[in-house]
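Undergrad: In our numbering, the protein residues as written are 6 to 274.
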């Protein structure tokens with residue numbers, strides 16, 4: 006798809022825990038004429054939203070099937086365990102996976118950590134979502150290991166979290182459909198990669214319509230004035246030549262003394 010086929014607006018999907026505000030602000034500064042619409046999606050829906058055309062690009066968590074999606078890794082998140090405030094784990098600054106071996110650790114269906122083997126003892130059944138798992142932690146059913154951004158997003162006063170060492174870590178990436186790399190997608194890639202507006206791969210923002218109209222009007226006025234100017238026969242000034250002063254042409258170096266008339270010399274009798 007070419008840039009001319011792109012939609013007049015840009016739709017940016019993002020999964021819970023990701024905060025795209027910084028990049029959205031830069032977009033509005035550089036491309037004020039192209040509206041950016043934020044589309045919040047669950048972790049499980051993010052890739053499908055890009056494939057189905059529900060968003061032009063999106064922030065999601067890896068891994069993702071790259072058969073038809075491109076992805077640029079952005080940053081890696083710290084993994085933490087969410088526990089009740091009165092739990093023994095809350096007394097430590099950080100714990101290891103081995104420290105959770107005897108604990109019931111919830112593993113929701115939308116888990117974003119790529120576990121080879123989840124830690125602790127499994128719960129009776131897997132919660133459908135991370136928010137559901139948070140409620141079960143508050144009820145004393147088990148513990149939950151998640152990226153730190155999700156622990157902050159679903160924060161409760163009766164819960165806290167601690168860093169877990171030697172665990173998988175969530176990696177956030179910017180992704181889009183490879184066959185839909187429009188000019189607007191390229192613009193957003195440049196923003197997240199820190200390119201300036203004048204960089205070789207960046208595009209300058211479009212000239213506002215009012216400025217384009219004013220420039221066109223000035224150009225037309227200039228052409229009209231040039232067309233209406235007299236050609237300069239006789240006493241008038243010829244276009245592109247200096248006007249004559251009083252008393253005829255100005256004498257200068259190489260100018261003939263007979264008033265500027267040049268022709269064949271007269272024959273002497």
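Virtual Cβ for every residue (Gly too), placed ideally from N, Cα, C.
All values reported here derive from a predicted model rather than from experimental measurement.
1) Consider the C-beta atom of residue 145 and the heavy atoms of the ligand PLP; say whether any pair is separated by less than 7 angstroms.
2) What residue range does the beta strand (DSSP E) around residue 17 cover?
3) Find out if the Cβ-Cβ distance for the pair residue 275, residue 29 is shorter than 8 angstroms.
4) Quick one: Cα of residue 74 to Cα of residue 174, how far?
5) Counting Cβ pairs closer than 8 angstroms, one from the segment 193-203 and one from the segment 102-117, do we hit at least three?
6) Do residue 135 and residue 118 have their CB atoms nearer than 8 angstroms?
7) Note the first and the last residue of the continuous beta strand (DSSP E) segment covering residue 31.
8) What does a CB cutoff of less than 7 angstroms around residue 87 pick up in its chain, not counting 5 residues either side in sequence?
9) Pick out whichever of 123, 62, 84 has its Cα sitting closest to the Cα of residue 153.
10) Can you tell me which of the three DSSP states residue 297 falls into?
11) Please state whether DSSP places residue 154 in a helix, a strand or coil.
12) Just the Cα atoms here: how many angstroms apart are residue 96 and residue 90?
13) So what does residue 167 bridge to, in DSSP terms?
14) How should residue 82 be labelled, buried or exposed, when 16 other C-beta atoms within 10 angstroms of its C-beta is the threshold for buried?
15) According to DSSP, what are the bridge partners of residue 45?
16) Across which residues does DSSP place residue 63 in a beta bridge pair?
17) So is residue 122 buried or exposed if we call it buried at 16+ other beta carbons inside 10 Å?
18) Could you check the C-alpha separation between residue 48 and residue 55 for me, to the nearest Å?
19) Assign residue 17 to buried or exposed, taking buried as 16 or more other Cβ atoms, counted over all protein chains shown, within 10 Å of its Cβ.
20) Roughly how many angstroms separate the alpha carbons of residue 186 and residue 76, rounded to a whole number?
21) Could you tell me which residues DSSP puts in a beta bridge with residue 110?
TA: If we stick to the structure as given:
1) What this structure holds is no ligand at all, so the ligand PLP is not there to describe.
2) 15-19
3) The structure shown does not extend to residue 275, since the chain is modelled only from 6 to 274, so the question has no answer here.
4) 21 angstroms
5) Judged by Cβ distances under 8 angstroms, the segment 193-203 makes no contact with the segment 102-117, as fewer than three pairs qualify.
6) no
7) From DSSP, residue 31 is part of no beta strand (DSSP E) but of the alpha helix (DSSP H) over 26-35.
8) 139, 142, 148, 149, 151, 156, 164, 166
9) The shortest Cα separation from residue 153 among 123, 62, 84 belongs to 84.
10) Limits of the chain in this structure are 6 at one end and 274 at the other, which puts residue 297 out of reach.
11) helix
12) 9 angstroms
13) Residue 167 is bridged to 86.
14) buried
15) 19
16) 18, 180
17) exposed
18) Approximately 12 angstroms between the Cα atoms of the pair.
19) buried
20) 12 angstroms
21) 148
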